[in-house]
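Colleague: Quick note: the sequence shown uses UniProt numbering, first residue 1, plus one each step. Got a structure for you, questions after.
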Amino acid sequence: MENSIRQPGGITYKDLFLASIDVVYIRRLDIVQKPGSHASLYLEAVLDGEQEENELQNISKTMTLMYQTGGEARPLFYGVIGKIFISRDGEDVSLYLEAWDATYLMDTERKIRIFQNPQMTPGELMAEVMRTYPAADYKMNVPEMPIDQLIIQYEETDWEFLNRFFARYREPLYPNPESESIRVLAGESPDTENPEWDSLPYTLLQDYEELNRRKENGLGELLEQENVQYQIDTYEIASLGNEIRYKGSLWYIGGVERHLEKGILVNSYVLRKEAGLKVLPYFNQRLTGISIDGQVAASKRDRVQVDMEIDNGGKEGEHYWFPYSTVASSTDGSGWYCMPENGESVRVYFPVADEKEAYVVTNIKAHEPKEGSQDDPMGNPNVRNIETAQGNQVQFTEDGVVIAAGKRQGSILLKKSGEVLLDAVKDISISAGKAVNIVAANEVIMKSETSIRIASEQGADVELKKGKVVLHGMTIYEN
Numbered sequence: 001m002e003n004s005i006r007q008p009g010g011i012t013y014k015d016l017f018l019a020s021i022d023v024v025y026i027r028r029l030d031i032v033q034k035p036g037s038h039a040s041l042y043l044e045a046v047l048d049g050e051q052e053e054n055e056l057q058n059i060s061k062t063m064t065l066m067y068q069t070g071g072e073a074r075p076l077f078y079g080v081i082g083k084i085f086i087s088r089d090g091e092d093v094s095l096y097l098e099a100w101d102a103t104y105l106m107d108t109e110r111k112i113r114i115f116q117n118p119q120m121t122p123g124e125l126m127a128e129v130m131r132t133y134p135a136a137d138y139k140m141n142v143p144e145m146p147i148d149q150l151i152i153q154y155e156e157t158d159w160e161f162l163n164r165f166f167a168r169y170r171e172p173l174y175p176n177p178e179s180e181s182i183r184v185l186a187g188e189s190p191d192t193e194n195p196e197w198d199s200l201p202y203t204l205l206q207d208y209e210e211l212n213r214r215k216e217n218g219l220g221e222l223l224e225q226e227n228v229q230y231q232i233d234t235y236e237i238a239s240l241g242n243e244i245r246y247k248g249s250l251w252y253i254g255g256v257e258r259h260l261e262k263g264i265l266v267n268s269y270v271l272r273k274e275a276g277l278k279v280l281p282y283f284n285q286r287l288t289g290i291s292i293d294g295q296v297a298a299s300k301r302d303r304v305q306v307d308m309e310i311d312n313g314g315k316e317g318e319h320y321w322f323p324y325s326t327v328a329s330s331t332d333g334s335g336w337y338c339m340p341e342n343g344e345s346v347r348v349y350f351p352v353a354d355e356k357e358a359y360v361v362t363n364i365k366a367h368e369p370k371e372g373s374q375d376d377p378m379g380n381p382n383v384r385n386i387e388t389a390q391g392n393q394v395q396f397t398e399d400g401v402v403i404a405a406g407k408r409q410g411s412i413l414l415k416k417s418g419e420v421l422l423d424a425v426k427d428i429s430i431s432a433g434k435a436v437n438i439v440a441a442n443e444v445i446m447k448s449e450t451s452i453r454i455a456s457e458q459g460a461d462v463e464l465k466k467g468k469v470v471l472h473g474m475t476i477y478e479n
């Protein structure tokens, strides 16, 4: 391999050391870096047999792998230890260690966040998520335009969520294990490196199965030449996602593997075109079929804004306009139109995994009447009730239909028996453009405590009061 790489120098096992653990030398090292995944490390090292056992038991939960170059110590891998064990056979002591880069800390706890502001940009959303990690170094290389839809992180870790979110822009996350704290880049790096790799041996690969799969699933514009990969082995250190000038054109490092070979650190890089690194959008299947309780904050036409019980992904007062599910409607606006009141309990329902398909439905379970209440609208399943917050009501009872306004300030009762009852706290007015006809098969009865008066606009009237009948008019005819 040394002869095939044909490069001077290189980092040897003697140049590698662990900052927090004293080792005699490192005999095996494997580092793997891929877009969208945590960088991983597997290491085997020989320890000094004279080290005390309690010294080995107090090893930190983090590790730092360094290398010497040009008289200077540089980091190669900062990580969170996943597994570590020590083997002792007499004076021979070996260390075995597995670790992940610091982005692993973003992948330990599932969370729920709701981002209701469609004017939020990708940078603002990423900043909101990353503020949980104060020392994190994060950048992105996607258009800083409004997200223009509802975004929800539901039972996802921050790492899972950001991977899925930036897949909307067809960009993966690139972790960098050379940083002591979290360092992550969304999209490829805009910085260009110019290593002298043109003369190195390489392997040229075209994966037609991958090309066809990606074209069939949303990357139809991907060209055959954009799916080409170069695989190069070198002694030089370069970072995942960096832009490289190679053979006169620009490529990106789309994969990194580092390993010790004959005591020398060999770095294997996969070079891809920018279009070849694009990822397919995907959805969070855990979202399908769930609903989140909330209260109506505002209504407009057929849409509502909701204060959701779980909403910690945006600023206070930011609301998304959800479509509201009515009982029946049509494209021309006819049909049922009945919007909920502000403060009314509702549910935001997610029928599929795509959050932009969410809509609002009523929340029956939120109603909890007082025990024994006679006014409970749900007390009798045979009674259908429609009531507003202002007390206006339509009630379909077992005896008939009641139309009431303002907490029984006025009502109309239509009975199954054929009776119609009008009741009002103040006045009842009947008006017609032409005529009002009152007809009864048997009798018409009108009662009043003081008087009954029938009058025309021309001045004539008949008034009944206190046992008298008084007639007024220019001419009175008596038969």
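Heads up, the beta-carbon is just placed ideally off N, CA and C, and yes, glycines get one too.
Could I get the ranges of all uninterrupted beta strand (DSSP E) runs contained in the region 102-160, with 3 residues as the minimum, in chain order?
Modeller: Complete beta strand (DSSP E) runs here, min 3: 111-115, 137-140, 151-156.
Colleague: Go to Lys300, then tell me how far its beta strand (DSSP E) extends in each direction, as first and last residue.
Modeller: 291-300
Colleague: Reducing DSSP to helix, strand and coil, say where Met1 ends up.
Modeller: Confidence at Met1 is low in this model, with a pLDDT of 44, below 50, so the placement of that residue should be treated as unreliable; the coordinate-derived value is given next. Three-state result, Met1: coil.
Colleague: Taking just the CA atoms, how far does Glu128 sit from Leu95?
Modeller: 39 Å
Colleague: Find out if the Cβ-Cβ distance for the pair Gly123, Glu144 is shorter than 7 Å.
Modeller: yes
Colleague: When the distance is taken between beta carbons, is Phe322 closer than 7 Å to Val360?
Modeller: yes
Colleague: Quick one: grab the DSSP three-state call for Leu287.
Modeller: helix
Colleague: Which residue's Cα is closest to the Cα of Gly391: Ala404, Gln119, Pro75, Glu357?
Modeller: Ala404
Colleague: Alpha carbon to alpha carbon, how far is Thr12 from Leu18?
Modeller: Using only the alpha carbons, I get a separation of about 14 Å.
Colleague: Within the continuous beta strand (DSSP E) that includes Arg303, where are the two ends?
Modeller: 303-308
Colleague: For Met446, count neighbouring Cβ atoms within 10 angstroms of its own Cβ and tell me buried if that reaches 16, exposed if not.
Modeller: exposed
Colleague: If you drop the 5 nearest sequence neighbours on each side, which residues of the same chain put their C-beta closer than 6 Å to that of Ile81?
Modeller: Lys61, Met63, Ala99
Colleague: State the Cα-Cα distance for the pair Ile476 and Ile428, rounded to the nearest angstrom.
Modeller: Straight-line measurement puts the Cα of Ile428 at about 30 Å from the Cα of Ile476.
Colleague: Between the C-alpha atoms of Leu464 and Asp423, what's the straight-line distance to the nearest angstrom?
Modeller: 22 Å
Colleague: Check whether the region 145-158 and the region 182-194 are in contact - that is, three or more C-beta pairs closer than 8 Å.
Modeller: The region 145-158 vs the region 182-194: no contact.
Colleague: Compare the Cα-Cα distances from Val32 to each of Ala238, Leu105, Glu419, Arg170 and report the closest residue.
Modeller: Nearest C-alpha to Val32: Ala238.
Colleague: Let's test the definition: count the other Cβ atoms within 10 Å of the Cβ of Glu2 and tell me whether it reaches 16, buried, or not, exposed.
Modeller: Note that Glu2 scores 45 on pLDDT, short of 50, meaning its location in the model is unreliable; the coordinates nonetheless yield the value given after this. The residue is exposed, with fewer than 16 neighbouring Cβ atoms inside 10 Å.
Colleague: What residue ranges within the region 216-243 form continuous beta strand (DSSP E) runs of no fewer than 3 residues, ordered along the chain?
Modeller: 228-234
Colleague: Between the C-alpha atoms of residue 486 and Leu414, what's the straight-line distance to the nearest angstrom?
Modeller: The structure shown has nothing for residue 486, since the chain only spans 1 to 479.
Colleague: Distance check for Leu204 and Glu44, CA to CA, integer angstroms please.
Modeller: 32 Å
Colleague: Given a cut-off of 7 Å on the beta-carbon distance, is the pair residue 480 and His259 in contact?
Modeller: Any property of residue 480 remains undetermined from this structure, which presents the chain solely from 1 to 479.
Colleague: With DSSP run on the structure shown, which of helix, strand or coil describes Ala358?
Modeller: coil
Colleague: For Glu180, name the three-state secondary structure that DSSP assigns.
Modeller: coil
Colleague: Please report the residue range of the beta strand (DSSP E) in which Trp251 lies.
Modeller: 249-261
Colleague: Going by the DSSP bridge assignment, what does Ala441 pair with across the sheet?
Modeller: Partner(s): none; Ala441 has no beta bridge.
Colleague: So, helix, strand or coil for Ser200, using DSSP?
Modeller: Note that residue 200 is Leu in the sequence shown, not Ser. In this structure, Leu200 counts as coil in the three-state DSSP scheme.
Colleague: Let's test the definition: count the other Cβ atoms within 10 Å of the Cβ of Tyr324 and tell me whether it reaches 16, buried, or not, exposed.
Modeller: buried
Colleague: Take Val306 as the anchor and find which of Ser291, Val346, Asn284, Ala275 has the nearest alpha-carbon.
Modeller: Relative to the Cα of Val306, the nearest Cα in the group Ser291, Val346, Asn284, Ala275 belongs to Val346.
Colleague: In the structure shown, what three-state DSSP assignment does Glu209 receive?
Modeller: helix
Colleague: In whole angstroms, what is the alpha-carbon distance linking Leu162 and Met66?
Modeller: 29 Å
Colleague: Using the three-state DSSP reduction, which class does Lys14 fall into: helix, strand or coil?
Modeller: helix
Colleague: Who are the Cβ neighbours of Thr103 in its own chain at under 7 Å, not counting the five residues just before and after it?
Modeller: Within the same chain, His38, Trp159, Pro175, Ile182, Val184 come within 7 Å of Thr103 by CB-CB distance, once the 5 residues on both sides are set aside.
Colleague: Whole angstroms is fine: what's the gap from Gln458's alpha carbon to Ile430's?
Modeller: 19 Å
Colleague: With a cut-off of 8 Å on the beta carbons, I'd call Gly187 and Met140 a contact; round off their distance for me.
Modeller: 6 Å
Colleague: Excluding sequence positions up to five away, which residues of its chain have a Cβ less than 6 Å from the Cβ of Ser268?
Modeller: Apart from sequence neighbours up to five positions away, the residues of its chain that approach Ser268 with a beta-carbon distance below 6 Å are Asp233, Glu257, ordered along the chain.
Colleague: In whole angstroms, what is the alpha-carbon distance linking Tyr320 and Pro351?
Modeller: 17 Å
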